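The next block holds one structure in the form of structure tokens; read it before the comments.
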Amino acid sequence: MDMLQTLCRPENIEITLHAAKRLEQRGIKLNDVINCIMKGEIIEQYPEDYPYPSCLILGIALNDQYLHAVVGSDQKRIWIVTAYYPDRNKWSSDLKTRLGKE
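Reminder that position 88 of the sequence shown reads as 257 in this note's numbering, one-by-one numbering, no gaps.
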């Protein structure tokens with residue numbers, strides 16, 4: 170998480186086409202994702218993701234709503250894969266564990 174927070178500056182962030190579409194659809198701004206990374210915690214890791222390992226971060230958007238962001242990194246840049254407001258019907262009450270997953 171420290172490495173992601175150190176890299177988390179607009180000049181080091183790339184937004185995938187998928188993420189750009191989803192952020193626009195969901196009304197999530199880049200600053201919301203930055204805030205999520207800076208104040209959040211990693212809740213899932215995907216070390217085998219291509220082209221770079223990625224993770225799911227639980228944090229807070231600027232509107233004080235919980236936010237999930239999936240980001241990958243090559244330790245020089247951060248790629249935003251997607252971000253969304255977690256559905257409380259799909260996540261435990263702390264929004265860290267998927268329901269139906271052990």
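No residue lacks a Cβ here, since even glycine has one placed at the ideal position from N, Cα and C.
Small disclaimer: the values here were computed from a predicted structure and weren't measured.
For G228, which residues from the same chain have a beta carbon less than 6 Å from its beta carbon, with the 5 sequence-adjacent residues on both sides left out?
-> C205, K208, G209, L236
Whole-angstrom C-beta distance between I197 and I211, which should lie under 8 Å = Their Cβ separation, rounded to whole angstroms, is 19 Å, which puts I211 and I197 out of contact at 8 Å.
At which residues does the beta strand (DSSP E) containing E183 begin and terminate?
-> 182-184
Check E193 in the structure and name its three-state DSSP category.
-> helix
Residues near Q174 in its chain [Cβ-Cβ closer than 8 Å; skip 5 each side] = I206, M207
Which one of V202, V250, R267 has the shortest CA to CA distance from R257?
-> R267
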